[in-house]
Amino acid sequence: MVSNQATADGGCCTYISYEGSAQIMRVSQTPASVTQYKILGGPGYEGYEVWFRFTTQQNIPHGVRKEISREQLFTLKNSWYVGPRYLEKYGIETGKAYPCKLKVIKEGTCTPIVFEFDAIDSGDYFESRP
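Going by this note's numbering, the first residue of the sequence shown is number 27, and it counts up by one from there.
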């Protein structure tokens with residue numbers, strides 16, 4: 027368990043980090059993910075929903091444990107769905123597991139729970155560039 031600070035729209039926030047693993051449960055196109063290419067100012071490609079489940083051997087608070095017991099949707103930092111080239115670049119496929127940190131807010135008004143992947147850059151928008 028590690029505390030660290032992050033500055034975001036919610037101000038200066040402190041998080042507690044828990045090391046773990048995220049297993050990809052499913053990768054699929056849905057009506058919502060496919061139609062994102064139509065959004066004005068959007069990424070310009072049909073997206074994929076990537077669902078994962080986080081597990082850790084560390085002791086995490088009960089309320090948080092309940093929240094993370096369900097599958098989580100992975101999106102880019104700006105909430106766009108990933109595209110086919112992103113899936114290929116990072117080797118994302120059903121059944122694969124990745125090192126992941128669960129960050130739980132300790133202080134501040136930022137996002138309460140954040141998942142941070144060591145090997146997947148959720149701020150990589152290369153696919154939306156011409």
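Glycine included, each C-beta is placed from N, C-alpha and C at the ideal position.
Scanning the region 36–68 for uninterrupted beta strand (DSSP E) segments of 3 residues or longer gives 37–54, listed from N- to C-terminal end. Considering only GLU72, LYS127, PHE152, the residue with the shortest C-alpha distance to ASP144 is LYS127. In the DSSP annotation of this structure, the continuous segment of the alpha helix (DSSP H) that includes LEU113 starts and ends at 110–116.
With a cut-off of 8 Å on Cβ pairs, the region 40–49 is in contact with the region 116–132, counting three or more such pairs. The shortest C-alpha to C-alpha distance from ILE86 to any of PHE152, ILE42, GLN55, GLU75 is the one to ILE42. The beta carbon of GLU133 sits closer than 7 Å to the beta carbons of CYS39, THR40 from its chain, once the five residues preceding and following it are set aside; these are given in chain order.
Between TYR71 and GLY117, the C-beta spacing is not below 7 Å. Every beta strand (DSSP E) stretch that sits fully inside the region 114–138 and reaches 3 residues is listed by chain position as 123–133. Nearest to GLN83 by alpha-carbon distance, out of SER148, ARG91, TYR151, is ARG91. Residue environment for GLY89: exposed (fewer than 16 other C-beta atoms within 10 angstroms of its C-beta). Excluding sequence positions up to five before and after TYR63, its CB lies within less than 8 Å of the CB of PRO69, GLY70, TYR71, GLU72, GLY73, all in the same chain and listed in chain order. Measuring C-alpha to C-alpha distances from PHE78 to each of ASP147, SER54, LEU99 identifies LEU99 as the nearest.
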